[in-house]
Structure formats: C-alpha cells, structure tokens
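The sequence shown lines up with residues 283 to 432 when you count with the numbering used here.
All residues carry an ideal CB built from backbone N, CA and C; glycine is no exception.
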Amino acid sequence: MKCPFCKPNEDVLLYENSLIRILIDSYPANRGHLLVVPRRHVEKWEKLEEDEKIALLEGIEIAMKKLREALNPDGFNIGINLGKAAGQTVPHLHIHIIPRWEGDCAHPRGGVRKAVLDLEDENLNLKERWIKNRMNENEIKILKALFSNI
Ligand SMILES: [Zn+2]
283 MKCPFCKPNE DVLLYENSLI RILIDSYPAN RGHLLVVPRR HVEKWEKLEE
333 DEKIALLEGI EIAMKKLREA LNPDGFNIGI NLGKAAGQTV PHLHIHIIPR
383 WEGDCAHPRG GVRKAVLDLE DENLNLKERW IKNRMNENEI KILKALFSNI
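Written as structure tokens, this is what we have:
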C-alpha cells in the first residue's frame, strides 16, 4: 500500500522542513484536524532519532500556533495511536492535532482519555470506568520498581 504520509498530496501539505511535515487530516475528527509526521517512514516511536523527536514537538507548537491564528480554537486534543491495538491504521507515525471549541460536543470532559471508550463503556458511569481501568497492586509494584531506577 502506498504510504499517504511519505508522498502526501500537495493539497494537504501545509509545511515541511528537513525532518517533519504538517498535513491536513483527510478524515478529520474536528474542523482543523492536522497531523505532524516525521518525513522518514517510521512506524514506532522507538525508531525515531532524537532530532526527529525534537522536530515533532516543534511541529506541534507550530501547528497549534497557526490553528490559533486561523481558527481561534478554545483548546486542543493531541495524541498518537501507537500500534494496531491502539488504533493505528497508517504505519507511519503521526501526531493528531485536534482543535476544540467550547460546545463542539456535549460531554468534552475526559478528552483523549476517552480514546479507549467502547459503546459498551458509554453505559458505565465514571467511577465504574475508573475501577475497571485501574492497574492491580502487582502491576503498580512492577511499574514503581521500573521507575525507581531511571
Ligand atoms: Zn510513510
């Protein structure tokens, strides 16, 4: 399959430098939905070079600044789907920049935290969701041990 981010159509290309591109998402989740992508075809975060990571962060800043100027959003959701299980469909890493406006949806609370919501979950109240999603004691212990030797 031809990668849409390696050779993007001119009509969606907003910006590029030697390391990144900023594109208009062709299937926008909201008005002004942009993508910040490395120029290099990289699927996983771990495969990015340090200068690419920095350039991607700068790309996020550029995208938000231009969207503020152009569309005056009240906020943003920013996220990356890493891996098929997380919903990644194009195997070229891309950061979603989604502008948000007061009132653009009925229940904005939670933002990207709702990325794992299923229709079934819509019927759970917040407390039930938190309980369902909490790590068990052993998982927390393992995680704390891993963070203790950074
Ligand atoms: Zn690609």
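C-beta contact flag for residue i and residue j at 8 Å
i	j	result
residue 303	residue 316	no
residue 359	residue 380	yes
residue 377	residue 422	no
residue 386	residue 312	yes
Simplified DSSP assignment, three categories, for residue i
i	result
residue 298	strand
Whole-number beta carbon distance between residue j and residue i, since they are thought to touch under 8 Å
i	j	result
residue 290	residue 301	With 8 Å as the limit, residue 290 and residue 301 do not qualify as a contact, their Cβ atoms being about 15 Å apart.
residue 286	residue 375	Actually they are not in contact, since the Cβ atoms of residue 286 and residue 375 sit about 13 Å apart, beyond 8 Å.
residue 338	residue 318	6 Å
residue 314	residue 364	About 23 Å; that fails the 8 Å criterion.
Let me know the alpha helix (DSSP H) ranges lying completely inside the segment 285-353, each 4 residues or longer, listed in chain order.
Listed in chain order, the alpha helix (DSSP H) runs fully inside the segment 285-353 are 332-353, counting runs of at least 4 residues.
Would you check if the segment 331-340 and the segment 350-359 touch, i.e. whether three or more CB-CB distances between them fall below 8 Å?
Touching, no, given that fewer than three Cβ pairs across the two stretches are closer than 8 Å.
With a floor of 3 residues, list each beta strand (DSSP E) that falls wholly inside the segment 372-428, ordered by position along the chain.
Runs of the beta strand (DSSP E) lying entirely within the segment 372-428, each at least 3 residues long, are 377-382 in chain order.
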